[in-house]
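Below is one structure; the comments refer to it alone.
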Amino acid sequence: MAFGSGYSFTMAEESHRPLLLVDKHEKYIYDLDTPEKGCSSRDNSSILVACPAVVLTIVFLRAVTMDYVLSESIRIGGAYWGITALDVMGRLDPQTYTRRDDVLDFVKSCRGQDGGYGFFPGMDSHINSTHYALLVLAELDALDTLTEAERLDTIRFVISMQTSDGGFQGDYSGEVDGRFSYSAVAILALLDSVGSIK
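Here you go:
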């Protein structure tokens, strides 16, 4: 599900298009995974972090700091946006992407027992983070890595978030927002199960 491959410009548009320094952007993304940037597994630490190079929105810190703790809620979204950035720049081939297995392991580690995905391993499942997780799988051509049982559990999670008025709550706290309905329908579309909506 590559998004970048469909973009094209006419000659007139091309001459006025701002220069995108693709090589520098790509290097920045990959450099996020270097020890000097603070993105490595911590030896002797009780918190082990999967650190895919695509996480554009944060730079993991060597020590657990307040910044580290406060950024947990955006990690899976950061993976999605980082992969999308590589794709839009034409630098993502889902089958040869060198960090593909690391990213897939990170997504898998965010999966909850209820079939949804949290924003970070160990966090409660949420409709938005589940949507991000499935978008990452789709962009890496890995939706087929879900077992049928996992697929059905995710569908059940989404359906369990539907409210009596037909909308969707984000998680078990009961907060309702139009974004959650969008994410729910998008998740079910990715799983070929839109007909599951009541």
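By numbering that gives the first Met the number 0, the letter at position 111 of the sequence shown is numbered 110, and the numbering carries on one by one without gaps.
Note that the Cβ used here is the ideal one computed from N, Cα and C, for glycine as well.
- Annotation for residue 160: 126, 167, 168 place their beta carbon closer than 6 Å to its own, counting only its chain and skipping 5 residues before and after.
- As computed with DSSP, residue 110 is found in a beta bridge with 116.
- Counting only the Cα atoms, residue 165 lies some 11 Å from residue 177.
- For residue 73, there is no enclosing alpha helix (DSSP H), as DSSP gives it neither H nor E.
- Exclusion of the five residues before and after residue 158 leaves 195 as the residues of its chain whose Cβ lies within less than 6 Å of its Cβ.
- Sequence-distant partners of residue 103 (beyond 5 residues in either direction) whose C-beta falls short of 7 Å from its own C-beta, in its chain, are 139, 141, 144.
- Checking the DSSP bridge columns, you'll see residue 175 partnered with 168.
- Inter-residue distance for residue 113 and residue 83 is about 27 Å (C-alpha atoms, whole angstroms).
- Residue burial annotation: residue 22 is exposed, with fewer than 16 other C-beta atoms found within 10 angstroms of its C-beta.
- Residue environment: residue 193 is assigned as exposed (fewer than 16 neighbouring CB atoms within 10 Å of its CB, all protein chains considered).
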